[in-house]
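Below is one structure; the comments refer to it alone.
2 protein chains.
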Amino acid sequence: MAASIKDVAKEAGVSIATVSRVLNDIDVVNEETKKKVQDAIQKLGYRPNIVARSLKTQRTKTIGILIPDISSQFYPEIVRGAEDVSNIYDYNVILCNSDLDEEKEKEYLRVLKEKMVDGVLYMSSSLKPEITDLIRELDLKTVLIESSDEEGIFPSVTIDNVKAGYDAANYIIKKGNKDIAYIGASKDSSNAWAQRYKGFEKAMKENNLEINEDMVYFGDLRTETGYKGIRKILKKASSIDAVICASDEVAMGAINTLREHQLSVPQDVDVIGFNNIYSAQVYYPNLTTVAQPMYDMGSIAMRMLIKLINQKTIEQGHYVLDHEIIERDSCK
Amino acid sequence: MAASIKDVAKEAGVSIATVSRVLNDIDVVNEETKKKVQDAIQKLGYRPNIVARSLKTQRTKTIGILIPDISSQFYPEIVRGAEDVSNIYDYNVILCNSDLDEEKEKEYLRVLKEKMVDGVLYMSSSLKPEITDLIRELDLKTVLIESSDEEGIFPSVTIDNVKAGYDAANYIIKKGNKDIAYIGASKDSSNAWAQRYKGFEKAMKENNLEINEDMVYFGDLRTETGYKGIRKILKKASSIDAVICASDEVAMGAINTLREHQLSVPQDVDVIGFNNIYSAQVYYPNLTTVAQPMYDMGSIAMRMLIKLINQKTIEQGHYVLDHEIIERDSCK
DNA sequence: CTGTTAGCGCGTTCAT
DNA sequence: ATGAACGCGCTAACAG
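So the sequences go chain by chain: P and B.
Numbering of the first sequence is given in the working numbering, commencing with residue 53 and proceeding in unit increments.
Numbering of the second sequence is given in the working numbering, commencing with residue 53 and proceeding in unit increments.
Set out below in structure tokens:
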């Protein structure tokens, strides 16, 4: 059994209260006794038990991170950014993979509450009312990443996905492309991916370009969606100049499939992806893509959360970070 | 403030001990009173405080995972495998990025101890004595992934890296290649990557092939090492038939650089990578590589650890999982 | 079958 | 400046 505060007190010949005081640097403790205590701590290799402290202080110095899947290409960097900041402020993170399963999310949220986390970083496709209700009921300090709630009560960190979709489309249009395909995820809900599609629509409209139903495909954001999308589009559409993809994985799936059909990128077709994941820069052709500052999203969100936990007022409830088109070799 | 066990007891008109009993399904509680308690729990939306429980039971149902960097391409899948299993057994994981910094590792280990984690999954390049000493001093139940300690006291999950390097080399040799380059990380220490090089040496020797100093390069396992390695090799060596790379990132960096020098893969040069990360299958040309069962490594290690925590005897202290050569398009 | 009580290790009044 | 004592919320004897 590791030494407890009691052992230190005995060793130093003082009360546990005094030990606690030097531990937390509170009140003014006589230099001499302070020294005695520190020596005892040193000698016993004492380290405070944070669990006991948490029970007393009601703060665990632990933060829950809820993400769909750490083994996807997108989230690791966000988590890294978050963990780096948490580490600076002496917090640790509990990682939870939800697989976008609402029940799993709820259960994690409840467990995090039981474990008395000081706050939660929440990432998901869309923010269902059941979830926001639960978060409020559990009274969990929460910052959203990549999505925001409609009422805007929760602080959030996102990019402007409508604008990002708009910019991607304009970039493709400026290259002189007319028959433009779009492969993404759900266009209905209010999530990030639907917003990208809205931006796409807007740009097409502004340029008097028509969106051909046959050239739009919705699946998820995985590579396979790129395969499927291109197959469907190639079957139905008469001509294809470019493809806008809601993720880099989809873009790579699309390019691979185009290649199978003897269509080369960018000679025959322009393709742009989204997110700028690691693979995008090693993929051949190097993928032109709309980059999100993933690391920053994680670190900024964690900073906000920690401020929130410490009751400091948050100047800005909703951070909208800049996206950027990274020009590489998948567009002419 | 959320309801406590006391509130439930009062609401149900029983003692807190009884509430605790129905909570933990211990002893035989009268069906009627059990019902009363459950109703009270329901009514108050009570959830036990795990921190308080932990203080008493000395188990937190939390496990620390120490990895170099979650934003690398290699670790997310391992972590996912581990978290999935932990979730099944009602554990949560605290994620720690060490950046292979020994001081950071030590500090994390100490904090994990303070937070009373039930166990630790440890991943690192090599296992320094300072670390094993600390783990023992802290009395942390630990399972190693990807590396093993020389004395073999800690349970571990690895692949046979010597054999893997040997297999990769033989695969390349069988293709008829003579001038074979190797790009990897440190060849001295006893880590996984050094072992791969040992396997390479063995295969070369067995086939009476000479290892040309000019065709070997050691850096780290990042893409850049591939660039640097190829540049150096191309400058010094007279001819190059194939390159064996200690990671997929390195392999992709190597191929990109070969391409810049008008050498195409696999027409001019065969290249094989290591790990089978996501990018390997979307990269062009699709990367031939030695796959490690990353998800399984994480899940098996977590299973071992949980058994260890629950004092069940571990039948096998050192799991050596199978690797597999995935034949794709970067070799003839 | 159920209640009382003593801690788990720590922070925090309230005295002194 | 320091110590005694209480309680955070829960489990685990021990009684009854």
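Idealized CB from N, CA, C, for every residue including glycine.
Distance between beta carbons of L373(B) and I211(B), contact taken as under 8 Å: L373(B) and I211(B) do touch by the CB rule: their CB atoms are close to 5 Å apart, below 8 Å.
Sheet register partners of C383(B) (DSSP bridge): C383(B) pairs with nothing; no bridge assigned.
Those runs of the beta strand (DSSP E) which lie wholly inside the region 295–348 of chain P and span at least 3 residues: For the beta strand (DSSP E) assignment, the uninterrupted runs of no fewer than 3 residues enclosed by the region 295–348 of chain P are, from N- to C-terminal side, 322–327, 340–343.
Paired residues, beta bridge with H375(P) - DSSP: DSSP output for H375(P) lists no bridge partner at all.
8 Å Cβ cutoff, S331(P) in contact with chain B: Interface residue (Cβ-Cβ distance to chain B less than 8 Å): S331(P) is classified as such.
Assigned exposure category for Q247(P) - 16 Cβ within 10 Å defines buried: Burial call: buried.
Reduced DSSP secondary structure (H/G/I, E/B, other) of I117(B): Strand at I117(B).
Nearest to S56(P) (by Cα), restricted to the options V81(P), P100(P), F126(P): Looking only at V81(P), P100(P), F126(P), the smallest Cα-Cα distance to S56(P) is reached by P100(P).
Classification of G204(B) by the beta-carbon crowding that lies within 10 angstroms, buried from 16 upward: The residue is exposed, with fewer than 16 neighbouring Cβ atoms inside 10 Å.
Same chain, Cβ closer than 6 Å to Y98(B), neighbours up to 5 away in sequence not counted: A55, V60, listed in sequence order.
Cβ neighbours of R132(B) in the same chain (closer than 7 Å, five flanking residues each side left out): Result list for R132(B): Y347, G350, in chain order.
Beta-bridge partners of A237(P), as assigned by DSSP: DSSP, once it has assigned bridges, lists G271(P) as partnering A237(P).
Buried versus exposed, by CB contacts within 10 Å (16 or more), V71(P): When all chains shown are included, V71(P) counts as buried.
I324(B) vs S382(B) beta-carbon contact at 8 Å: Taking 8 Å as the Cβ cut-off, I324(B) and S382(B) qualify as a contacting pair.
Cβ-Cβ distance between L186(P) and L118(P) below 8 Å: No, the pair does not count as a contact, with Cβ atoms beyond the cut-off.
8 Å Cβ cut-off: residues of chain B touching Y269(P): Using a Cβ-Cβ cut-off of 8 Å, Y269(P) is close to nothing in chain B; its nearest Cβ partner there is about 19 Å away.
Candidates F206(P), I263(P), S241(P), H375(P), of which the one nearest K230(P) by Cα: For the options F206(P), I263(P), S241(P), H375(P), the alpha carbon positioned closest to that of K230(P) is the one of I263(P).
P181(B) burial status per 10 Å Cβ neighbour count (16 or more: buried): Its Cβ having fewer than 16 others within 10 Å, P181(B) is exposed.
E135(B) at chain P interface by Cβ criterion, 8 Å: Taking Cβ atoms only, chain P reaches closer than 8 Å to E135(B), which makes this a yes.
Every unbroken beta strand (DSSP E) inside the region 200–229 of chain P [3 residues or more]: Listed in chain order, the complete beta strand (DSSP E) runs (minimum 3 residues) inside the region 200–229 of chain P are 208–211.
Proximity of P318(B) and P337(B) at Cβ, strictly below 8 Å: P337(B) sits close to P318(B), with the two beta carbons spaced by under 8 Å.
Chain-ordered chain P contacts of R99(B) [CB-CB under 8 Å]: Ordered by position in chain P, the residues that pass the 8 Å Cβ test against R99(B) are R162, K165, E166.
Rounded separation between R73(P) and V81(P) - CA only: Their Cα atoms are separated by approximately 7 Å.
Beta-carbon proximity list for Q94(P), same chain, < 8 Å, skipping 5 on both sides: So the list is empty, once near-sequence residues are dropped.
Short CB-CB distance (under 8 Å) between T340(P) and chain B: Not closer than 8 Å to any Cβ of chain B, the Cβ of T340(P) fails to qualify, so no.
Neighbour flag for D121(P) against chain B, beta carbons, 8 Å: Taking Cβ atoms only, chain B reaches closer than 8 Å to D121(P), which makes this a yes.
Residues of its chain near N213(P), where Cβ-Cβ distance is below 6 Å and the 5 sequence neighbours each way are ignored: Hits under 6 Å: A244, Q247, R248.
Beta-carbon spacing of S124(B), S178(B) below 8 Å: Not closer than 8 Å, so no.
Short-range partners of chain P found in the region 241–275 of chain B, where Cβ spacing is below 7 Å: Cβ proximity to chain P below 7 Å picks out T275 from the region 241–275 of chain B.
Minimum C-alpha distance to V145(B) - residue among E159(B), A104(B), V169(B): Out of E159(B), A104(B), V169(B), V169(B) has the C-alpha closest to the C-alpha of V145(B).
Status (buried if at least 16 other CB within 10 Å, exposed otherwise) for E157(P): Classification of E157(P): buried, given that the 10 Å Cβ count is 16 or more.
Residue span of the alpha helix (DSSP H) that contains Y127(B), given as start and end: Judged by DSSP secondary structure, Y127(B) falls within the alpha helix (DSSP H) whose first and last residues are 127–140.
Through-space distance from R355(P) to K364(P), alpha-carbon basis: Taking the straight line from one Cα to the other gives about 11 Å.
Inter-stretch contact at 8 Å, needing at least 3 Cβ pairs: the region 214–227 of chain P / the region 277–289 of chain P: Inter-segment contact for the region 214–227 of chain P and the region 277–289 of chain P is absent: fewer than three beta-carbon pairs are separated by less than 8 Å.
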